[in-house]
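Novice: Residue numbers are given in numbering that gives the first Met the number 0: position 360 of the sequence shown equals residue 359, and the series is strictly consecutive. Each residue gets a CB set at the ideal place from its N, CA and C atoms; glycine is no exception. Structure below; questions to follow.
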Amino acid sequence: MFGTSVNDIDRAEDRERFDEVLTQTQIPRPESCSVTNLEDAIAGAERIGYPVMVRPSYVLGGRAMEIVYNVDELKDYMRRAVKVTPDHPVLVDRYMEGTEVEVDGISDGIDVVIPGIMEHVERAGVHSGDSIAVYPPQTLSAKVLYTIIDYTKRLAVALHVKGLLNIQFVVKNDEVYIIEVNPRSSRTVPFLSKVTDVKMVNLATRIAMGHTLKELGYKSGLVPPKPYVAVKAPVFSFAKMTDVDIALGPEMKSTGEVMGIDYHYARALYKAITGSGIHVPTHGRVLFTVADKDKDEMKQLAKAFADLDFQLCATEGTARAIQSMGIDVEIVGKVHERSTDIIEQIKNGKINLVINTLTQGQHSMRDGFHIRRATVEHGVACLTSLDTAWEVLRVLSFMRDRRLVYSLALQDYVGGGDDLA
Numbered sequence: 000m001f002g003t004s005v006n007d008i009d010r011a012e013d014r015e016r017f018d019e020v021l022t023q024t025q026i027p028r029p030e031s032c033s034v035t036n037l038e039d040a041i042a043g044a045e046r047i048g049y050p051v052m053v054r055p056s057y058v059l060g061g062r063a064m065e066i067v068y069n070v071d072e073l074k075d076y077m078r079r080a081v082k083v084t085p086d087h088p089v090l091v092d093r094y095m096e097g098t099e100v101e102v103d104g105i106s107d108g109i110d111v112v113i114p115g116i117m118e119h120v121e122r123a124g125v126h127s128g129d130s131i132a133v134y135p136p137q138t139l140s141a142k143v144l145y146t147i148i149d150y151t152k153r154l155a156v157a158l159h160v161k162g163l164l165n166i167q168f169v170v171k172n173d174e175v176y177i178i179e180v181n182p183r184s185s186r187t188v189p190f191l192s193k194v195t196d197v198k199m200v201n202l203a204t205r206i207a208m209g210h211t212l213k214e215l216g217y218k219s220g221l222v223p224p225k226p227y228v229a230v231k232a233p234v235f236s237f238a239k240m241t242d243v244d245i246a247l248g249p250e251m252k253s254t255g256e257v258m259g260i261d262y263h264y265a266r267a268l269y270k271a272i273t274g275s276g277i278h279v280p281t282h283g284r285v286l287f288t289v290a291d292k293d294k295d296e297m298k299q300l301a302k303a304f305a306d307l308d309f310q311l312c313a314t315e316g317t318a319r320a321i322q323s324m325g326i327d328v329e330i331v332g333k334v335h336e337r338s339t340d341i342i343e344q345i346k347n348g349k350i351n352l353v354i355n356t357l358t359q360g361q362h363s364m365r366d367g368f369h370i371r372r373a374t375v376e377h378g379v380a381c382l383t384s385l386d387t388a389w390e391v392l393r394v395l396s397f398m399r400d401r402r403l404v405y406s407l408a409l410q411d412y413v414g415g416g417d418d419l420a
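What follows is the structure, encoded as structure tokens:
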């Protein structure tokens with residue numbers, strides 16, 4: 000292997016060794032522990048406090064990662080999802096519901112170039128591969144951006160990275176915490192290469208072969224952001240995977256991604272969402288059926304859709320929450336409950352958009368799974384994150400005010416040549 004050594008890769012991937020790196024660099028992370036049996040997992044989760052994120056070490060694509068909300072769900076996870084032994088520890092982390100931020104950098108062991116920082120639309124808990132990512136960040140403060148740049152440099156140098164590294168952070172109350180470091184390339188490298196005109200793979204390969212960033216004409220730090228906005232949106236293949244639940248979570252489900260780029264954020268978002276295959280209706284009926292923990296936030300979302308003249312319908316508990324806002328909403332029956340069965344309405348084209356968040360503890364045979372699968376089979380957009388729903392609402396509001404969306408070639412934005420990869 001060229002570039003970063005196997006030992007330093009292990010220092011990033013092994014939990015105990017990585018904690019030593021974080022102590023050395025004085026970088027905070029959510030409280031966590033590594034466990035090798037069920038009893039220690041229960042004790043660790045009780046000490047950290049629910050909800051917790053549980054996952055095996057050394058995983059790609061978030062395999063077997065879950066957020067658990069109580070001891071029964073933790074027991075179920077340990078029994079069902081992983082083989083836990085002293086050689087196969089499970090990691091238990093405090094789940095922080097903040098803004099997730101992703102960075103791709105290139106280090107020569109001394110200097111670190113950061114082509115771009117990406118802010119995720121969906122809050123932490125949705126796998127980065129399934130999140131909508133925005134370059135440059137739209138809501139982060141200067142303090143947070145400076146901290147992210149500083150932490151990226153510290154980690155790259157401490158891990159003796161020579162080549163690419165990908166880091167994921169969570170920002171809560173303007174404080175930055177590290178989630179994980181991957182001393183390798185990531186799925187966002189092609190995206191950032193195209194929008195920043197930094198030939199990241201070429202540059203990282205030269206670094207791995209022994210060159211330095213200074214020799215190649217690069218200064219340490221963040222490359223100045225471009226004057227446009229680029230949005231990366233995930234693409235899913237749920238229509239071809241009939242037994243997969245489309246609800247988003249820590250385990251990656253996307254099979255590709257598209258990019259929207261524009262000088263205006265809402266237009267870039269519109270292009271990305273449209274390109275990813277989501278059909279956003281401009282009128283019609285919106286079905287709300289959300290978990291109890293999301294009902295307070297959902298009420299404002301429902302009001303916003305009603306203000307755009309959408310008709311609202313909802314399952315009984317969700318409908319009561321919407322009615323408390325003085326908003327008209329039709330109550331629809333749950334699956335197979337009565338003639339206003341949700342599935343039948345989706346099949347008959349009477350529901351144009353579904354907003355459905357996952358109720359904890361439900362399994363795939365429950366109502367939510369059937370509703371989500373029905374939307375896939377009948378081409379109805381189903382949003383399983385309220386963060387995504389808010390951004391779709393932003394697109395709808397913008398498109399009603401300004402319908403003109405133009406297209407330019409990538410090089411017209413970036414100003415580069417043909418070789419952008």
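From N201 to Y94, what does the alpha carbon distance come to, in whole angstroms?
Specialist: For the purposes of this step, residue 201 is taken as the residue at position 202 of the sequence shown. For the purposes of this step, residue 94 is taken as the residue at position 95 of the sequence shown. Going by the C-alpha atoms only, they are around 36 Å apart.
Novice: For T93, write down the residues that DSSP places opposite it in a beta bridge.
Specialist: Position 94 of the sequence shown holds residue 93. Sequence check: residue 93 is Arg here, not Thr. According to DSSP, which records beta bridges pairwise, R93 is partnered with V51.
Novice: Look up T288 in the DSSP assignment and give the residues it is bridged to.
Specialist: What you label residue 288 is simply residue 289 of the sequence shown in a count that begins at 1. Bridge partners of T288: N355.
Novice: Let me check understanding here. Comparing Cα to Cα, which of L90, I113 and D107 lies closest to E101?
Specialist: By 1-based counting over the sequence shown, the position of residue 101 is 102. With distances taken between Cα atoms, E101 lies closest to I113.
Novice: Checking the sheet assignment: what are the DSSP bridge partners for A232?
Specialist: By 1-based counting over the sequence shown, the position of residue 232 is 233. Paired residues: V257.
Novice: Using a Cβ distance threshold of 8 Å, determine whether the stretch 221-237 contacts the stretch 253-265, with at least three qualifying pairs required.
Specialist: yes
Novice: Can you grab the Cα-Cα spacing for the pair D417 / D411, in whole Å?
Specialist: Locating residue 417 in the sequence shown gives position 418, where the first residue counts as 1. Locating residue 411 in the sequence shown gives position 412, where the first residue counts as 1. Note on D417: pLDDT 43, under 50, position unreliable in the model; no value is reported.
Novice: Using CA atoms only, rank isn't needed, just tell me which of N165, H282, Y176 and P50 is closest to D308.
Specialist: Start at 1 with the first residue of the sequence shown, and residue 308 comes out as number 309. Answer by Cα proximity: H282.
Novice: Mind checking if A207 is an interface residue toward chain C, Cβ cutoff 9 Å exclusive?
Specialist: Looking for chain C here will not work: only one protein chain is present.
Novice: In the DSSP output, what is I341 paired with across the bridge?
Specialist: The sequence position of residue 341 within the sequence shown is 342, counting from 1. In the DSSP output, where bridge partners are listed per residue, I341 has none listed.
Novice: Less than 9 Å separating the beta-carbons of F190 and M258?
Specialist: Position 191 of the sequence shown, counted from the start, is the residue given in the question as residue 190. Position 259 of the sequence shown, counted from the start, is the residue given in the question as residue 258. Yes, the Cβ-Cβ distance between F190 and M258 is below 9 Å.
Novice: Going by DSSP in three states, H278 sits in which element: helix, strand or coil?
Specialist: Counting from 1 along the sequence shown, the entry for residue 278 is found at position 279. Three-state result, H278: coil.
Novice: Could you work out which residue in V289, V413 and L144 is closest to I354 when comparing CA atoms only?
Specialist: Working through the sequence shown from its first residue, we reach residue 354 at position 355. Closest option to I354, Cα to Cα, is V289.
Novice: Give the DSSP-derived three-state secondary structure of V170 in the structure shown.
Specialist: The count along the sequence shown starts at 1 and reaches residue 170 at position 171. In the structure shown, V170 sits in a strand (DSSP, three-state: E or B).
Novice: Can you give the Cα-Cα distance for H362 and Y68, rounded to whole angstroms?
Specialist: Working through the sequence shown from its first residue, we reach residue 362 at position 363. Working through the sequence shown from its first residue, we reach residue 68 at position 69. Residue confidence for H362 is low, a pLDDT of 42 falling below 50, so the modelled location carries little weight; the figure read from the coordinates is stated next. Annotation: H362 to Y68 spans about 15 Å, alpha carbon to alpha carbon.
Novice: Please classify K152: does DSSP put it in a helix, a strand, or coil?
Specialist: Within the sequence shown, residue 152 is the residue found at index 153, counting from 1. Residue state, collapsed to three classes: helix.
Novice: So, V279 versus E256, is the Cβ gap smaller than 9 Å?
Specialist: Start at 1 with the first residue of the sequence shown, and residue 279 comes out as number 280. Start at 1 with the first residue of the sequence shown, and residue 256 comes out as number 257. Contact flag unset, no.
Novice: DSSP three-state label for N165, please.
Specialist: Counting from 1 along the sequence shown, the entry for residue 165 is found at position 166. The answer is strand: DSSP assigns N165 an E or B state.
Novice: May I ask you to verify whether the stretch 161-169 touches the stretch 68-78, counting CB pairs closer than 8 Å and requiring at least 3?
Specialist: Touching, no, given that fewer than three Cβ pairs across the two stretches are closer than 8 Å.
Novice: Residue range of the beta strand (DSSP E) that P29 falls in?
Specialist: For this step, residue 29 is matched to residue 30 along the sequence shown. Note, P29: premise wrong, no beta strand (DSSP E); not H, not E.
Novice: On the criterion of 16 or more Cβ atoms from any shown chain inside 10 Å, does I27 qualify as buried, or is it exposed?
Specialist: Counting from one through the sequence shown, the residue named residue 27 turns up at place 28. One point to set straight first is that residue 27 is Pro, not Ile, in the sequence displayed. Burial call: exposed.
Novice: Can you check whether the CB of V160 is closer than 9 Å to the CB of G276?
Specialist: In the sequence shown, counting from the first residue as 1, residue 276 sits at position 277. In the sequence shown, counting from the first residue as 1, residue 160 sits at position 161. No.
Novice: Taking the alpha-carbon positions, what's the S106 to D196 distance?
Specialist: Position 107 of the sequence shown holds residue 106. Position 197 of the sequence shown holds residue 196. So the alpha carbons of these two residues sit roughly 17 Å apart.
Novice: If I measure Cβ to Cβ from V391 and keep anything under 6 Å in the same chain, skipping five residues before and after, which residues do I get?
Specialist: Here residue 391 corresponds to residue number 392 of the sequence shown, with the count starting at 1. The answer, listed in chain order, is V279.
Novice: Can the beta-carbon of I272 be found closer than 9 Å to that of V194?
Specialist: The count along the sequence shown starts at 1 and reaches residue 272 at position 273. The count along the sequence shown starts at 1 and reaches residue 194 at position 195. No; because the gap between Cβ atoms is not below 9 Å, this pair is not in contact.
Novice: Can you check which of these residues, A303, D306, A320 and G274, is closest to D293 by C-alpha distance?
Specialist: By one-based count along the sequence shown, residue 293 stands at place 294. Considering only alpha carbons, the answer is A320.
Novice: Put H87 into one of helix, strand or coil per three-state DSSP.
Specialist: Taking the sequence shown and counting its residues from 1, the one referred to as residue 87 is at position 88. Here H87 sits in strand by DSSP.
Novice: So, S130 versus V120, is the Cβ gap smaller than 9 Å?
Specialist: Position 131 of the sequence shown, counted from the start, is the residue given in the question as residue 130. Position 121 of the sequence shown, counted from the start, is the residue given in the question as residue 120. Yes, the Cβ-Cβ distance between S130 and V120 is below 9 Å.
Novice: So the alpha helix (DSSP H) Q322 belongs to, where does it begin and stop?
Specialist: On the sequence shown, residue 322 is found 323 positions in, with the first residue counted as 1. That run of the alpha helix (DSSP H) goes E315 to Q322.
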